[in-house]
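>
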Amino acid sequence: MQDVYQIDKSRMRESFHRAAKQYDAAAILQRQVREEMLSRLDVVKLAPGIILDAGCGTGHGLHTLLKQFKQAQGIALDIAEGMLARSRALFPWYKPWQSQPRFVCGDIESLPLATASVDMVWSNLAVQWCNDMDTVLQEFRRVLRPNGLLMFATLGPDTLKELRAASGAEHTHVSRFIDMHDIGDALTRAGFSAPVLDVMHYTLTYDSVESVMRDLKAIGAHNATAGRAKGLSGKGFLQQLRQGYEVFRREGKLPATYEVVFVHAWTGSQPYTAPGSSPVQFMPRKDSLR
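Counting with my numbering, you get residues 172 to 461 for the letters of the sequence shown.
Below, the structure is given as structure tokens:
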């Protein structure tokens with residue numbers, strides 16, 4: 172039986188490719204989450220040689236990381252060529268003093284990188300566009316070197332709960348998002364140590380449902396689930412959506428809730444061992460966040 176929440180990667184890739192030019196103007200949540208992630212790095216003792224930004228978008232996360240870790244080399248990876256083109260614009264050739272990353276078009280669930288080739292994996296609100304959390308974390312674990320750091324933020328189940336409720340149940344209108352505790356279990360299965368996870372809720376407010384949908388379209392967050400309605404949504408659906416969303420209006424504004432799960436974990440001091448082979452004991456780092 173088909174999973175109605177399965178992400179159509181080709182549709183998702185094309186959506187983000189088309190959205191790249193206007194992405195930054197609408198990516199309010201992404202900026203806020205990036206700043207929160209960066210603030211958490213302030214208390215981590217780390218000197219990475221190579222940093223992978225997995226799902227780099229328009230590149231601002233990696234750009235800031237390479238300013239902070241001046242000796243590091245960067246890898247900007249995204250599934251959409253349009254996003255990579257915008258990332259390249261942050262690292263112009265006429266600034267030779269600025270570290271030039273490698274730009275790689277690829278899928279997080281099948282990273283085109285060598286095993287044990289990076290010291291830090293960073294990913295800001297990209298993992299939720301993958302289909303299998305275990306595959307994602309196993310790939311992150313594979314490419315990280317011993318004593319490497321994984322830091323990512325993804326969306327939790329409360330995300331866009333208003334839109335989900337207002338849309339009805341006939342088709343899938345919002346992706347499925349994974350609970351923090353399930354992510355923690357997946358980290359353990361992938362062999363990470365000293366995992367730390369917590370949740371923050373963000374609320375963006377809008378004047379109308381159309382404004383909510385316009386922002387989602389601007390950042391490329393189209394419905395790419397297998398259970399989506401395949402035809403065009405008519406006036407009847409839009410009217411239903413308006414009416415359903417109105418019950419959430421407070422102080423003249425419509426809310427769009429985002430549950431953000433922040434994660435960081437370390438690899439152990441031993442080389443990566445593929446799943447199914449001999450077990451490896453992973454020792455926690457003393458300098459990890461508490």
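From the three backbone atoms N, C-alpha and C, an ideal C-beta is built for every residue, glycine too.
Anyone know if the C-beta pair for residue 209 and residue 235 falls short of 8 Å?
yes
> Considering only DSSP beta bridges, list what residue 377 is partnered with.
425
> Which value, in whole angstroms, describes the spacing of the CA atoms of residue 221 and residue 318?
13 Å
> How would you call residue 430, buried or exposed, if buried means at least 16 neighbouring beta carbons within 10 angstroms?
buried
> Taking the alpha carbon of residue 178 as the point to measure from, which residue in 253, 194, 270 and 280 has its own alpha carbon closest?
280
> In three-state terms, what does DSSP make of residue 356?
helix
> So, is residue 264 buried or exposed, given that buried needs 16 or more other C-beta atoms within 10 angstroms?
exposed
> With DSSP as the reference, please indicate the residues paired to residue 273 in a beta bridge.
246
> Determine contact between the stretch 301–313 and the stretch 242–262, defined as no fewer than three beta-carbon pairs at a distance below 8 Å.
no
> Out of 408, 363 and 389, which one is the CA nearest neighbour of residue 321?
363
> By Cβ distance below 6 Å, which residues in the same chain neighbour residue 372 in space, the five residues on each side in sequence not counted?
When the five nearest sequence neighbours on each side are left out, the beta carbons in the same chain lying within less than 6 Å of the beta carbon of residue 372 are those of 430, in order along the chain.
> Is residue 279 helix, strand or coil by DSSP?
coil
> Which of helix, strand or coil does DSSP assign to residue 306?
helix
> Which residues in the same chain have their Cβ closer than 8 Å to the Cβ of residue 359, if we skip the five residues on either side of it in sequence?
Correct list, in chain order: 366.
> Specify the secondary structure class of residue 226 as computed by DSSP and reduced to three states.
The three-state secondary structure of residue 226, taken from DSSP, is coil.
> What does the alpha-carbon distance come out to for the pair residue 176 and residue 330?
15 Å
> Bridge partners for residue 433 per DSSP, in chain order?
324 and 369
> Spatial neighbours of residue 376 within its chain, please: C-beta separation below 7 Å, excluding the five flanking residues on both sides.
424, 425 and 426
> Can you look up residue 420 in the DSSP assignment and give me helix, strand or coil?
Note: residue 420 maps to coil in three-state DSSP.
> Which residue's Cα is closest to the Cα of residue 256: 285, 428 and 274?
Checking every option, the nearest Cα to that of residue 256 belongs to 274.
> Would you mind sorting residue 409 into buried or exposed? The rule is 16 or more other CB atoms within 10 Å of its CB.
exposed
> May I have the straight-line CA-CA distance separating residue 198 from residue 419, to the nearest angstrom?
23 Å
> Along the alpha helix (DSSP H) that carries residue 195, what are the first and last residues, could you check?
180–197
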